[in-house]
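Scroll down for the structure; my scribbles are underneath it.
2 protein chains.
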Amino acid sequence: MGVKLGILGLGTVGTGTVQLIQDCAGRHPLLQDVEIYRVGVRSPDKPRAVKLPTSVFTTDLAGIVTDPQVDIVVEVIGGLEPARSLILKAIEHGKHVVTANKAVISRFGDEIFTAANQAGVYVMLEAAVGGGIPVIQPLKQSLSVNRIHAVTGIVNGTTNYILTRMQTEGSSFDDVLADAQRLGYAEADPTADVDGLDAADKIAILASLAFAGRIKLQDVYCEGIRQVSKTDITYADKLGFVIKLLAIAKTVNPPPISPSGYLSVRVHPTLVPKAHPLASINGVYNAILIEGEPIQQGMFFGPGAGAGPTASAVSSDILHLVAALKSSTATPNPLLTCAHQDYCQIAPIEELVTRFYARFLTKDQPGVIGKLGTCFGKYGVSLESVVQTGFQGELAEIVVVTHDVREGDFRQALAEIRTLETVDSIPSLLRVL
Amino acid sequence: MGVKLGILGLGTVGTGTVQLIQDCAGRHPLLQDVEIYRVGVRSPDKPRAVKLPTSVFTTDLAGIVTDPQVDIVVEVIGGLEPARSLILKAIEHGKHVVTANKAVISRFGDEIFTAANQAGVYVMLEAAVGGGIPVIQPLKQSLSVNRIHAVTGIVNGTTNYILTRMQTEGSSFDDVLADAQRLGYAEADPTADVDGLDAADKIAILASLAFAGRIKLQDVYCEGIRQVSKTDITYADKLGFVIKLLAIAKTVNPPPISPSGYLSVRVHPTLVPKAHPLASINGVYNAILIEGEPIQQGMFFGPGAGAGPTASAVSSDILHLVAALKSSTATPNPLLTCAHQDYCQIAPIEELVTRFYARFLTKDQPGVIGKLGTCFGKYGVSLESVVQTGFQGELAEIVVVTHDVREGDFRQALAEIRTLETVDSIPSLLRVL
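Line by line, the protein sequences are chains U and G.
With the numbering used here applied, the first sequence covers 13 to 445.
With the numbering used here applied, the second sequence covers 13 to 445.
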């Protein structure tokens, strides 16, 4: 009478999930109804950290997702293919799906959820964002009575680890990255993390849930942390900020009340005021801040990755499905589905209104700040603070923080400033929360 | 075809909930199926911040909970009676119940959940703890795949506001309390808040959900913040701590795996290391940190009270019930019920193993620290740090922080220290996280 799982993949997350289910005393009693029926792996004979009957293993992953005995398919192989095709085939065969695959969901969520809604099955994805932190279900359930205005997250542990060490040790990006790779906190190819692509996948998913509309991943503006220098971290600190890689999805004023709103969705290094709740999230931790009406604020915090936390999230999805199957709902529970079908409209980055931090290297001549100020004024950029900070060789270093300004206007001002004879270069340009 | 609400009380929370439901564009579409059918108030003719047909109002609260038309009773009158009796009568008449009433649930949860399980109805209580922060549902659902080891919370906004101001302004408890009362952050009778009783209600509820057993409120050890002095806040700061009123429920080692574990459940002012996630929770904010296996950590943060956040929580419970009613479950959804019936066993406070902070006033004589140390050693208390901090008039002030020690042993040592001729008094005694 158990609910039968077909697990695709037995890597770190799959192993953690099997361990949790096999060792279920002291956990929710419904987990006792779960049977690990099939596990699809590449090498059935490989030694494993978990004990399972030989008959459970198979190399035939397509056979699992079409097996009439399987109730729930747990996709933890990662990557785009064959994960996408297996998920779609599982749905076609009436299986509920649990996946930890942010890359597949952020790119193919459209076809996956359309197929799931047609087939009347659930696709659960708690583990795709924020490790073990329950944030997907709260967004689908409890928080959905709110009109969400903004989701702001530190959703990539690797970059937060690197930025935290740069901050505390005064080290350079390259040095900390190399050390993080040595310690296993960063991949040999760190692109997905340090260039913000992983965070972009995650904010696309969070935005879709928070604003009840689909998101085209290519609309998400994405800038990584390679350009963040220890110089900027030091200046930010003096000005009362820390630098974090934020993933932000926000309604563009006035907050629309239609389900498919006009949004700004972006990932970029950001100066965060030290008193802000996200400023104290350090190391490999993740945190997601939700702002809305009438809740005001809610923040979720925890380790953003790792076998244990991710297994907790995958298992919580399994638990939700077992509960739904056990209470034999006549129609799908609307708090577990992703029913929205419209696309959210995403504003181009030029339309963003934000504060900026910029660092200039100029000739050491009187009147330079005046010239910068005149040029900014021409494009409607007003300055919150201007600090002549010191010298780099012969050149004077000037740091400005602007008031809120339209990004397009600010960039026009910068283009003109670059033509000034007294300006050598603009080594840094960062947004300010 | 709407789901009919009978709302008991139209104070701050009731009004916020009605406003949210009446203004439902841009929220979860299921809220459109909710009908505000009856609102029970004392004075139907009183001017209200919300517009409702006169026919909705009634002074007959018992009539609402027995009305066959009512599907869900929303109890937001607060206080013990008639809230308890009305909730029980509603259950008896087959109504699902949403309540924000921590006092009733922490005292009468036993009879309420027993009645609800017998009647096959749900009693939802998201708003009872942590304002709008979704923490009750995550504990019942996503987090319940974990073996929880500890729940540690700042769950009372008033005391956190007072302690934060004492910390930042160097003011005394009495001065800040008076000002907080003037500003409306503390009640005219602040007992429930400052003596920790409100926090005790909340940790009893959280512990019950986290450890899947019932909790006797009188077993919860409770100490408020009246004795916290600005002197101690200053010393704590120097030693790397902030002082917070923590509500803690924790398994006593070894972590038991039976559902009704052996627990330490308590509320007391606590020295929290500055790097701890709870240390940076300031002002009226609440935060609840959950530790367990395999999730490691998860923290939930947000405003702990207020009409908006609380209305968000009440409405999210209504949403869960509407979803359950709409998907016409044959049997109750086990992730919405509170099925546990055993009582957790609570360890007496003497058995607690913790670090302590203590401040002594002694005669200014050589060898005093040695005498303290000898006395501590006799009872197995080892010291992490000893600081002779200064003088109060003729008396020397000595602050110690211990290593982990059994509370009973520590108190025996203190009793003997009090008899020392060189010791004048022990003005402060606080636990350290």
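Glycine included, C-beta positions come from ideal geometry on N, C-alpha and C.
From this set, U:V435, U:I215 and U:L258, which residue's C-alpha is nearest V444 of chain U's C-alpha?
Numbered from 1 along the first sequence, position 432 holds the residue referred to as residue 444 of chain U. Of the candidates U:V435, U:I215 and U:L258, the one whose C-alpha sits nearest the C-alpha of V444 of chain U is U:L258.
For the candidate residues G:Y355, G:V46, G:G21 and G:D35, whose alpha-carbon lies nearest to that of A335 of chain G?
As a working mapping, residue 335 of chain G is identified with position 323 in the second sequence. Answer by Cα proximity: G:V46.
For a cutoff of 8 Å on Cβ pairs, would you count N345 of chain G as touching chain U?
Reading the second sequence from its first residue, position 333 is the one you call residue 345 of chain G. Yes, because at least one Cβ of chain U sits closer than 8 Å to the Cβ of N345 of chain G.
Along chain U, in chain order, which residues have C-beta atoms closer than 8 Å to that of A323 of chain G?
The residue you call residue 323 of chain G lines up with position 311 of the second sequence. Here the neighbours are P306.
Using three-state DSSP, classify P268 of chain U as helix, strand or coil.
In the first sequence, the residue the question calls residue 268 of chain U occupies position 256. Any reading at P268 of chain U is ruled out, since the residue's pLDDT is 48, under 50, leaving its predicted position unreliable.
Under the DSSP definition of a beta bridge, which residues are partnered with R159 of chain U?
Here residue 159 of chain U corresponds to residue number 147 of the first sequence, with the count starting at 1. R159 of chain U pairs with U:E305.
Kindly indicate the opening and closing residues of the beta strand (DSSP E) around F368 of chain U.
Walking along the first sequence from the start, residue 368 of chain U turns up at place 356. Counting along the chain, the beta strand (DSSP E) containing F368 of chain U begins and ends at V365 to T374.
Spell out a yes or no on whether the segment 14-21 of chain U and the segment 80-92 of chain U are touching, meaning 3 or more CB-CB pairs, one atom from each, closer than 8 Å.
Yes: at least three Cβ pairs fall under 8 Å.
Mind checking the segment 140-166 of chain G against chain U and listing, in chain order, the residues whose C-beta falls within less than 7 Å of any C-beta there?
Residues passing the 7 Å Cβ filter: G144, I145, P146, Q149, P150, Q153, S154, L155, S156, V157, N158 and R159.
With 9 Å as the C-beta to C-beta threshold (strictly closer), list the residues of the segment 287-307 of chain G near chain U in chain order.
Result list: A287, P289, A291, S292, I293, N294, Y297, A299, L301, I302, G304, E305, P306 and I307.
Do G143 of chain U and G389 of chain U have their CB atoms nearer than 8 Å?
The residue given as residue 143 of chain U occupies position 131 in the first sequence. The residue given as residue 389 of chain U occupies position 377 in the first sequence. The answer is no: Cβ separation not under 8 Å.
Quick check on P285 of chain U: buried or exposed, where buried means 16 or more other Cβ atoms within 10 Å of its Cβ?
By 1-based counting over the first sequence, the position of residue 285 of chain U is 273. P285 of chain U should be labelled exposed.
From the DSSP secondary-structure annotation, give me the bridge partner or partners of R278 of chain G.
As a position in the second sequence, residue 278 of chain G is number 266, starting the count at 1. In DSSP, R278 of chain G forms a bridge with G:Y233 and G:I260.
If you drop the 5 nearest sequence neighbours on each side, which residues of the same chain put their C-beta closer than 7 Å to that of P271 of chain G?
One-based indexing of the second sequence puts residue 271 of chain G at position 259. Residue placement at P271 of chain G is poorly supported in this model, since its pLDDT is 47, which falls under 50; the coordinates are not used for a value here.
Can you round the beta-carbon distance between I217 of chain U and K114 of chain U to whole angstroms, since I take them to be within the 8 Å contact cut?
Working through the first sequence from its first residue, we reach residue 217 of chain U at position 205. Working through the first sequence from its first residue, we reach residue 114 of chain U at position 102. Confirmed, about 6 Å.
Kindly list, in the order they appear in chain G, the residues whose Cβ is closer than 8 Å to that of L331 of chain U.
For the purposes of this step, residue 331 of chain U is taken as the residue at position 319 of the first sequence. Going along chain G in sequence order, the residues near L331 of chain U (Cβ under 8 Å) are Q153, S154, S156, V157 and L347.
List, in order along the chain, the chain U residues whose C-beta lies closer than 7 Å to that of P281 of chain G?
Within the second sequence, residue 281 of chain G is the residue found at index 269, counting from 1. Within chain U, no residue comes near P281 of chain G; the closest Cβ sits about 22 Å away, beyond 7 Å.
Residues of chain U with CB under 7 Å from P315 of chain G, in chain order?
Position 303 of the second sequence, counted from the start, is the residue given in the question as residue 315 of chain G. By Cβ distance, chain U contributes Q308 and Q309.
Spell out a yes or no on whether the segment 165-185 of chain G and the segment 247-261 of chain G are touching, meaning 3 or more CB-CB pairs, one atom from each, closer than 8 Å.
Short answer: they touch.
I'd like the list of long-range same chain contacts for G310 of chain G, defined as Cβ closer than 6 Å, with 5 residues on each side in sequence excluded.
For the purposes of this step, residue 310 of chain G is identified with residue 298 of the second sequence, where counting begins at 1. Cβ within range, chain order: I302.
Does the beta carbon of R226 of chain U sit closer than 8 Å to a beta carbon anywhere in chain G?
Taking the first residue of the first sequence as position 1, residue 226 of chain U is located at position 214. Chain G, which has no Cβ nearer than 8 Å to the Cβ of R226 of chain U, makes this no.
Would you call L426 of chain U buried or exposed, if buried means 16 or more other Cβ atoms sit within 10 Å of its Cβ?
What you label residue 426 of chain U is simply residue 414 of the first sequence in a count that begins at 1. Its Cβ being crowded by 16 or more others within 10 Å, L426 of chain U is buried.
Can you pull the chain U neighbours of L43 of chain G, defined as C-beta to C-beta under 7 Å?
In the second sequence, the residue the question calls residue 43 of chain G occupies position 31. Those are V157, listed as they occur along chain U.
Judging by CA-CA distance, which residue of U:S220, U:P56, U:Q193 and U:V77 is the nearest neighbour of R119 of chain U?
Numbered from 1 along the first sequence, position 107 holds the residue referred to as residue 119 of chain U. Out of U:S220, U:P56, U:Q193 and U:V77, U:S220 has the C-alpha closest to the C-alpha of R119 of chain U.
Is it true that the CB of L333 of chain U sits closer than 8 Å to the CB of S437 of chain U?
Here residue 437 of chain U is taken as the residue at index 425 of the first sequence, counted from 1. Here residue 333 of chain U is taken as the residue at index 321 of the first sequence, counted from 1. Going by C-beta atoms, S437 of chain U is not nearer than 8 Å to L333 of chain U.
Starting from I19 of chain G, follow its DSSP beta bridges and name the residues at the other end.
Looking up residue 19 of chain G in the second sequence gives position 7. The partner list for I19 of chain G (beta bridge, DSSP) reads G:V51 and G:V86.
Which residues of chain G have a Cβ atom closer than 7 Å to the Cβ of L32 of chain U, listed in chain order?
As a working note, residue 32 of chain U is residue 20 in the first sequence. Under the 7 Å cutoff, chain G gives V157 and P306.
Starting from Q404 of chain G and walking both ways along the beta strand (DSSP E), at which residues does that stretch end?
Your numbering for residue 404 of chain G matches position 392 in the second sequence. Per DSSP, Q404 of chain G belongs to the beta strand (DSSP E) from L395 to Q404.
For the alpha helix (DSSP H) containing D244 of chain G, name the first residue and the last one.
The sequence position of residue 244 of chain G within the second sequence is 232, counting from 1. Taken as a continuous stretch (DSSP letters only), the alpha helix (DSSP H) holding D244 of chain G covers K242 to K250.
Tell me, please, whether the CB atom of H108 of chain U is closer than 8 Å to any CB atom in chain G?
Position 96 of the first sequence holds residue 108 of chain U. Chain G contact via Cβ: absent.
Smallest Cα separation from G21 of chain G: which of G:T71, G:D57, G:E419 and G:V413?
One-based indexing of the second sequence puts residue 21 of chain G at position 9. Checking every option, the nearest Cα to that of G21 of chain G belongs to G:T71.
Are at least three pairs of beta-carbons, each pair with one atom in the segment 404-414 of chain U and one in the segment 200-218 of chain U, less than 8 Å apart?
Result no; under three Cβ-Cβ pairs closer than 8 Å.
Contact criterion: CB-CB distance below 8 Å. Does H40 of chain U meet it with respect to chain G?
Counted from its first residue, the first sequence places residue 40 of chain U at position 28. At least one chain G Cβ lies under 8 Å of H40 of chain U.
Measuring alpha carbon to alpha carbon, tell me which of G:I293, G:P360, G:L155 and G:D416 ends up nearest R177 of chain G.
Within the second sequence, numbered from 1, the residue matching residue 177 of chain G stands at position 165. The candidate whose alpha carbon is nearest that of R177 of chain G is G:I293.
Write down the C-beta distance between C356 of chain G and V135 of chain G rounded to the nearest angstrom, noting that I regard them as a contact closer than 8 Å.
Reading the second sequence from its first residue, position 344 is the one you call residue 356 of chain G. Reading the second sequence from its first residue, position 123 is the one you call residue 135 of chain G. Actually they are not in contact, since the Cβ atoms of C356 of chain G and V135 of chain G sit about 19 Å apart, beyond 8 Å.
Quick one: is A335 of chain G near chain U, going by C-beta distance under 8 Å?
Position 323 of the second sequence holds residue 335 of chain G. Cβ-Cβ to chain U under 8 Å: yes for A335 of chain G.
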